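> In this text, residue positions in the sequence shown follow the working numbering: the first is -13, and each later residue adds one.
Could you have a look at this structure, given as structure tokens, before my questions?
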Amino acid sequence: MIDFTRIGVRLLVKDFAKCYDFYTEAMGLVPVWGDRNGPYTSFTGAAGAEPNFAIFLVANMALYEGYAPPQNGGGDQVQLVLPCDDVDKAYIELKAKGVEFLGEPQTIEDWGMRCVVLRDPEGNLLELNDSGSA
């Protein structure tokens, strides 16, 4: 069995600078490697922590041998989950920064947590929740 020591998420984006600004300025993520010029930047949720999220300019996927973009134009298939201490506080803070949400924070009793869903500038789904895990 392979021992995966770390698992991360990389979103493929078309407008790198716009997404970089969203994740740094609106969401408050800390860039660890790379910058606004792209084509890659890794982030963490707090200074000094290991990066576990990145954005990558989708046009650069051509670097990978055998890669071809999907032709089906399918819908949502990935959701980035960002646990936080206070969903309602995060909602108010992000809303003040112009972030648009799909709805208001809600409690999902079956899951035992509060959550709220939004989209980044490229339409990727994000969930803020207070569960402490993805």
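Glycine included, C-beta positions come from ideal geometry on N, C-alpha and C.
All values derive from a computational prediction rather than experimental measurement.
Evaluate contact between the segment 7 to 22 and the segment 50 to 58, counting only Cβ atoms and requiring at least three cross-stretch pairs below 8 Å.
Contact fails: fewer than three Cβ-Cβ distances are below 8 Å.
> Quick one: measure Cβ to Cβ for E86 and L104, integer angstroms, because I've assumed they're closer than 8 Å.
As a position in the sequence shown, residue 86 is number 100, starting the count at 1. As a position in the sequence shown, residue 104 is number 118, starting the count at 1. Contact holds; Cβ gap of about 7 Å.
> Please confirm whether L80 and E113 have their CB atoms less than 8 Å apart.
On the sequence shown, residue 80 is found 94 positions in, with the first residue counted as 1. On the sequence shown, residue 113 is found 127 positions in, with the first residue counted as 1. No, they are not a contact pair.
> Taking the continuous beta strand (DSSP E) assigned at I78, which residues delimit it?
Position 92 of the sequence shown, counted from the first residue, corresponds to residue 78. Here I78 belongs to no beta strand (DSSP E); instead the alpha helix (DSSP H) covers V73 to A82.
> What is the DSSP secondary structure of L104, counted as helix, strand or coil?
As a first step, residue 104 must be located in the sequence shown, where it is residue number 118. Three-state DSSP puts L104 in a strand.
> Using CA coordinates, which residue listed in G109, I41 and K75 is at the minimum distance from R(-4)?
As a first step, residue -4 must be located in the sequence shown, where it is residue number 10. Comparing Cα positions, the closest option is I41.
> Using only CA atoms, which one of N58, Y26, V44 and W97 lies nearest to Y132?
Outside the displayed span of the chain (-13 to 120) sits residue 132, for which this structure offers no information.
> May I have the straight-line CA-CA distance separating P107 from Y9, to the nearest angstrom?
As a first step, residue 107 is located in the sequence shown; it is residue number 121 there, counting from the start. As a first step, residue 9 is located in the sequence shown; it is residue number 23 there, counting from the start. Their backbone Cα atoms lie some 10 Å apart in a straight line.
> Between C70 and the rest of its own chain, which residues show a CB-CB distance below 7 Å, the 5 nearest in sequence each way excluded?
For this step, residue 70 is matched to residue 84 along the sequence shown. Result list for C70: A76, L114 and D116, in chain order.
> Would you kindly report the start and end of the unbroken alpha helix (DSSP H) that includes D35?
Sequence index remark: in the sequence shown, residue 35 carries index 49 (1-based). Per the sequence shown, the amino acid found at residue 35 is Ala instead of Asp. First-last for A35: undefined, no H or E at that position.
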